[in-house]
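Below: one structure, written as C-alpha cells.
Number of protein chains: 2
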Amino acid sequence: MMQVNTSSDLQEERQRLDAFFRFGISVDCVVFGYDGENLQVLLIERGAEPYKGFEAIPGDLVSLNEDIDQATKRVLNDLTGLPDIYLEQLSTFGAVERHPMGRVVTVVYYALLDKNLYNPHPASWASEAYWKNLDEIGEMAFDHRQILEAAVQHLHHKVQHQPIGFELLPEEFTLAQLQHLYETILNTSFDKGNFRKKMLSMNVLIPLDKMQKEVRHRPARLYRFDQQRYEQLVQKGYLFEL
Amino acid sequence: MMQVNTSSDLQEERQRLDAFFRFGISVDCVVFGYDGENLQVLLIERGAEPYKGFEAIPGDLVSLNEDIDQATKRVLNDLTGLPDIYLEQLSTFGAVERHPMGRVVTVVYYALLDKNLYNPHPASWASEAYWKNLDEIGEMAFDHRQILEAAVQHLHHKVQHQPIGFELLPEEFTLAQLQHLYETILNTSFDKGNFRKKMLSMNVLIPLDKMQKEVRHRPARLYRFDQQRYEQLVQKGYLFEL
DNA sequence: TATTTAAATTGTAAAAAATACTATAACTTG
DNA sequence: CAAGTTATAGTATTTTTTACAATTTAAATA
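Going down the list, the protein sequences come from chains W and P. In terms of my numbering, the first sequence is numbered consecutively and its last residue is 280. In terms of my numbering, the second sequence is numbered consecutively and its last residue is 280.
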C-alpha cells in the first residue's frame, strides 16, 4: 500500500482530533514497606484541592512532555522525598467521574522497600507523608481506596511466584526474618525447618560469613539475595514458587 | 483538617491545570485466537493516517465521556465487527513520542477466543481485518510490535497459573485438544496420561456424555470448563497451576 | 466379519518432593 | 555453669510427580 501524506493532510486530521486531546494523565505510586513486623504503605495527606485534607496515595499529574515511567520517580520524590526507586506498573484506572477537575486517567505503579532505609518528608502540596499499617486505613481521596485494594491483591499473588519479598528486607537478613515477612504478607504460618529447606534449595540465597548481632539467643546466619542467580534460573525456565 | 473550598478556588485551580489536560487516550485490543493448530492474533490494516497501510493492533482514541473499559468493546466492534467479548487490561504505554499526532497514552487490553466462532470484517477506518500467525508478523504501526511482544509474554506467564486456555477452545473439547493448545502456547510437550490426570484432578472439567464425532479412530470424551467450580476453588485459596 | 490401526484411557512402579516431627548446637543471661 | 531460647540439622512418613506399559475402543480395511 502506498503512503501519501502531505503536511496539510496531517494538520486536517489533527484538527478533527482536537476534541479527543483533553485528557489529563496522572501517576499514583503505591509504595509498600516492611518494618520487621507489619506491612505498611506510604501515604500523604493532601494539602491542596481537590480532596484537601484527605489521605491519598502519592501521585500527581504528568506533564505533556514527560515520560510516564519517569514521572513516577519525580512525583514520589517531590511529595515524599524518597529517592529513585524501581517502580513497576500495575494497572490503569480511567472511570469517567473519578476526578472532579476533569477527565483524568491514572496509571498506578507500585514498589516494595525496606522502610527503615528511607524517612519520608512531606513537600510540594503534600502536607504530611508517613507510613501506615494496611489495616488502619480509612477513607481516601478519589478512588484511591480501590487502587490500594488492587495493589494489595496484586502483591499477594505476585509474592507467591517471584522473589519480591527480598526487596522489603535489609540487604542482609536471616531466614527467620524472611519467613516472618512471608507469613505477614500471606497471613499464614510455615514450618521453620521446611521453609528453610525450600528457600535454600532454590539456590537464590547467598549464605554470608556473618551472624546476627545483638540478640539474646543463638544468633542466626545472615544471607543475601542473589539477583544474578535468580535471573539465570528464570532464563532457564525455572519459576520461583512458594 | 477543615475543608474550605469555594467554587472560585476550584476554578482557579482548574485554569492552572489547563496545560496538563492535553493528552489523548487510546485503547488497543490484542485478541488471541486458536484454530486447533496455531496461535494467532487479530490485526487490521490501517486505512487512515498516520501509518496508513500499516498492520496494527485494533485500537482507537477514547472519547472524553467514555469509560475506558467500555471503549475497548466499541473499538473492537467498530473496526473488526467482533461482538462484546471480555477484555482484560494488560498495561499502559506512554512514551512521549509514540504517536505522531500528539501525546497519546494507550491502554492495552487482551482477550482470548475460539477464532472459529467469529469472522472479522473490516469497517470504519480499518481497510482489512484478519487473523495472522504470531510468527509471521513483520513491521507494525506505532509501537505495536512492542505491545504485541508484551502481550505474548504475559500470555505465557498467565497460562501457567490460570485456566485461561479454555477461552481459546470451543465450549466442548477433548483432553487431547486442550493438551495440544497448552503445548502450542508454551512450546513444550507433556505426557498424555499425566496431563490428563493433572487436569482432571483439578476438578474444573465437567465430563459430558458426548463423544467426538467424525474421527477415524476411537473418539474421545468431550469436556467443558466449569467456571463456577473454578471460582469456588480460587475463593478457597486454591491456585490453578500447570 | 475378522483384522488392523490409531488414539483414548487406565494402571503401576519408581523417583522425587512435601510434611511433620525430633534431636542437637550455639549463644545469652542470670 | 545452668537455664532459656532460637538456629540448624536430620529423619521417617506421606503425598505427589514422573515415566512408561497395558488395555480399551471405534473406525477403516481386507
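Beta carbons are placed, not taken as given, at the ideal position from N, Cα and C, and that holds for glycine.
Euclidean distance between Cα positions of residue i and residue j
| i | j | result |
| --- | --- | --- |
| residue 143 of chain P | residue 251 of chain W | 50 Å |
| residue 265 of chain W | residue 246 of chain W | 15 Å |
| residue 132 of chain W | residue 103 of chain P | 11 Å |
| residue 215 of chain P | residue 161 of chain W | 58 Å |
| residue 96 of chain W | residue 86 of chain W | 13 Å |
| residue 279 of chain P | residue 163 of chain P | 41 Å |
| residue 40 of chain P | residue 84 of chain W | With a pLDDT of only 41 at residue 40 of chain P, under 50, the local geometry of the prediction cannot be trusted, and the value read off the model is given with reservation. Near 12 Å, if we compare the C-alpha coordinates of residue 84 of chain W and residue 40 of chain P. |
| residue 183 of chain W | residue 255 of chain W | 42 Å |
| residue 55 of chain P | residue 192 of chain W | 32 Å |
| residue 107 of chain P | residue 62 of chain W | 17 Å |
| residue 257 of chain W | residue 230 of chain W | 16 Å |
| residue 140 of chain W | residue 105 of chain W | 21 Å |
| residue 93 of chain W | residue 221 of chain W | 28 Å |
| residue 42 of chain W | residue 110 of chain W | Reliability of the predicted coordinates at residue 42 of chain W is poor, the pLDDT of 49 falling under 50, and the value obtained from them is presented with this limitation in mind. The alpha-carbon atoms of residue 42 of chain W and residue 110 of chain W are separated by roughly 39 Å. |
| residue 176 of chain W | residue 185 of chain W | 13 Å |
| residue 129 of chain W | residue 70 of chain P | 20 Å |
| residue 82 of chain P | residue 60 of chain W | 27 Å |
| residue 124 of chain P | residue 153 of chain P | 14 Å |
Whether residue i touches residue j by CB criterion (7 Å)
| i | j | result |
| --- | --- | --- |
| residue 77 of chain W | residue 150 of chain W | no |
| residue 64 of chain P | residue 117 of chain P | no |
| residue 114 of chain P | residue 156 of chain P | no |
| residue 148 of chain W | residue 189 of chain W | yes |
| residue 243 of chain P | residue 169 of chain P | no |
| residue 203 of chain W | residue 219 of chain W | yes |
| residue 138 of chain W | residue 201 of chain W | no |
| residue 210 of chain P | residue 260 of chain P | yes |
| residue 66 of chain W | residue 146 of chain W | yes |
Test: residue i CB closer than 7 Å to a CB of chain P
| i | result |
| --- | --- |
| residue 105 of chain W | yes |
| residue 162 of chain W | no |
| residue 134 of chain W | yes |
| residue 102 of chain W | yes |
Proximity test, Cβ basis, 7 Å: residue i and chain W
| i | result |
| --- | --- |
| residue 264 of chain P | no |
| residue 145 of chain P | yes |
| residue 140 of chain P | yes |
| residue 276 of chain P | no |
| residue 222 of chain P | no |
Interface residues of chain P facing residue i [CB-CB closer than 9 Å]
| i | result |
| --- | --- |
| residue 99 of chain W | 55, 58, 59 |
Per DSSP, cross-strand counterpart(s) of residue i
| i | result |
| --- | --- |
| residue 171 of chain W | W:78 |
| residue 127 of chain P | P:147 |
| residue 276 of chain W | None; residue 276 of chain W has no bridge partner. |
| residue 261 of chain W | W:211, W:245 |
| residue 106 of chain P | According to DSSP, residue 106 of chain P bridges with nothing at all. |
| residue 62 of chain P | P:142 |
| residue 89 of chain P | Its beta-bridge partners do not exist; DSSP assigns none. |
| residue 84 of chain W | W:164 |
| residue 70 of chain W | W:79, W:150 |
Contact list for residue i against chain W, beta-carbon separation under 8 Å
| i | result |
| --- | --- |
| residue 175 of chain P | Ordered by position in chain W, no residue passes the 8 Å Cβ test against residue 175 of chain P, which lies about 16 Å from the chain. |
| residue 62 of chain P | 55, 58, 59, 61 |
Cross-chain neighbours of residue i in chain W, by beta carbon under 9 Å
| i | result |
| --- | --- |
| residue 127 of chain P | 129, 130 |
Proximal residues of chain P, C-beta to C-beta of residue i below 8 Å
| i | result |
| --- | --- |
| residue 82 of chain W | Neighbours of residue 82 of chain W on chain P: none; closest Cβ ~13 Å, over 8 Å. |
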